[in-house]
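**Q** Quick one: this structure, given as structure tokens, is what I'll be asking you about.
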Amino acid sequence: MSVIRNDLFFLFMKSLAIYFVFVLSVVLYGQCDSVRILPREAWNALPPKPFKNHVPVRITIHHEGTFFDGVKETAEAHISTVQKWGMSEARNWVDIPYHFLIDNKGRIFEGRNVFTVGETNTDYNPEGHLLISLLGNFEEQELPAAQLESLICLIVDCCKKFSIDPDTIKCHRDFTETLCPGKNLYARYSDGYILSEVKKRLNSK
Ligand SMILES: [Zn+2]
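First residue of the sequence shown: 20, per the numbering used here; consecutive thereafter.
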């Protein structure tokens, strides 16, 4: 009899422990306590050329558009290549086109100065847009959970820092003819997940 009681007690304690771990993970998941942004020095950025100022009033999501999985090259090397290509005769841009970039592990990198107008290959006017680019091509690649989570936290951080209304969040393809940010990333925007998570976390602070 006491053996059964001990077993029951053990089972009860085990269930209790599982329950608390579950509650704790629910509480901790879905928060953006500290958004760590790696500075330009982390990817050996070249200094920018003279640029046009703006005030960011909306957030626009991009993918970088070339395959990236962090195996053949580091995010730092990839971002440096994007900057060098854009500043070369290929585009003659003043700096890397995006204000922030996020790699597949969810690491956030500082791009161009937030108060400068971004660049585009397409025919929308990026003035007033804060451009966030996720490394990868999400027409072809799946979107890693860590990358999506960092995107949400970075958007929350930018909405707070720059007083941006979360209802302004859109994707590149909402403005012009482009596949950017790729169907697998766009799916999490069009199903409302990104916006609802951003609003939930903004309201919880
Ligand atoms: Zn884009």
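Glycine included, every Cβ here is placed at the ideal spot set by N, Cα and C.
Considering only C-alpha positions, which residue in the set VAL217, ILE98, ASP210 is nearest to SER152?
**A** Your numbering for residue 152 matches position 133 in the sequence shown. Cα-wise, what sits closest to SER152 is ILE98.
**Q** What do you get for SER169, buried or exposed, if any count of 16 or more other CB atoms within 10 angstroms of its CB means buried?
**A** By 1-based counting over the sequence shown, the position of residue 169 is 150. Looking at its Cβ environment, which holds 16 or more other Cβ atoms inside 10 Å, SER169 is buried.
**Q** Which of helix, strand or coil does DSSP assign to THR141?
**A** Walking along the sequence shown from the start, residue 141 turns up at place 122. In this structure, THR141 counts as coil in the three-state DSSP scheme.
**Q** Touching or not, the stretch 107-118 and the stretch 185-204, by the rule of three or more beta carbon pairs under 8 angstroms?
**A** Touching, no, given that fewer than three Cβ pairs across the two stretches are closer than 8 angstroms.
**Q** Hey, how far is the Cα of LEU214 from the Cα of LEU204?
**A** Taking the first residue of the sequence shown as position 1, residue 214 is located at position 195. Taking the first residue of the sequence shown as position 1, residue 204 is located at position 185. Going by the C-alpha atoms only, they are around 13 angstroms apart.
**Q** Taking the C-alpha atoms as reference points, what is the distance between LEU17 and LEU167?
**A** The requested residue 17 is not part of the displayed model; the chain covers only 20 to 224.
**Q** Which word fits VAL74, buried or exposed, when buried means at least 16 other C-beta atoms lie within 10 angstroms of its C-beta?
**A** As a working mapping, residue 74 is identified with position 55 in the sequence shown. VAL74 should be labelled exposed.
**Q** If you draw a straight line from the alpha carbon of VAL217 to that of CYS172, how long is it in whole angstroms?
**A** As a first step, residue 217 is located in the sequence shown; it is residue number 198 there, counting from the start. As a first step, residue 172 is located in the sequence shown; it is residue number 153 there, counting from the start. In a straight line, the C-alpha of VAL217 is about 7 angstroms away from that of CYS172.
**Q** With a threshold of 16 other CB atoms inside 10 Å of the CB of PHE86, please say whether the residue is buried or exposed.
**A** Sequence index remark: in the sequence shown, residue 86 carries index 67 (1-based). By the neighbour-count rule (16 or more Cβ atoms within 10 Å), PHE86 is not buried but exposed.
**Q** Strictly by DSSP, which residues pair up with LEU120?
**A** In the sequence shown, the residue the question calls residue 120 occupies position 101. DSSP, once it has assigned bridges, lists PHE128, SER152 as partnering LEU120.
**Q** From the DSSP secondary-structure annotation, give me the bridge partner or partners of HIS82.
**A** Residue numbering aside, residue 82 sits at position 63 when the sequence shown is read from its first letter. Per DSSP, LEU153.
**Q** Let's see if you can read the secondary structure: which residues bound the alpha helix (DSSP H) around ASP184?
**A** Against the sequence shown, residue 184 aligns to sequence position 165. No alpha helix (DSSP H) contains ASP184, which DSSP labels as neither H nor E.
**Q** Report yes or no: is there a C-beta of chain B within less than 8 angstroms of the C-beta of PRO66?
**A** Although the question refers to chain B, the structure presented lacks it and comprises just one protein chain.
**Q** Going by the CB atoms, is the gap between PRO200 and HIS82 shorter than 8 angstroms?
**A** Your numbering for residue 82 matches position 63 in the sequence shown. Your numbering for residue 200 matches position 181 in the sequence shown. Contact: yes.
**Q** Does the distance from the C-beta atom of TRP62 to that of PHE128 stay below 8 angstroms?
**A** For this step, residue 62 is matched to residue 43 along the sequence shown. For this step, residue 128 is matched to residue 109 along the sequence shown. Closer than 8 angstroms, so yes.
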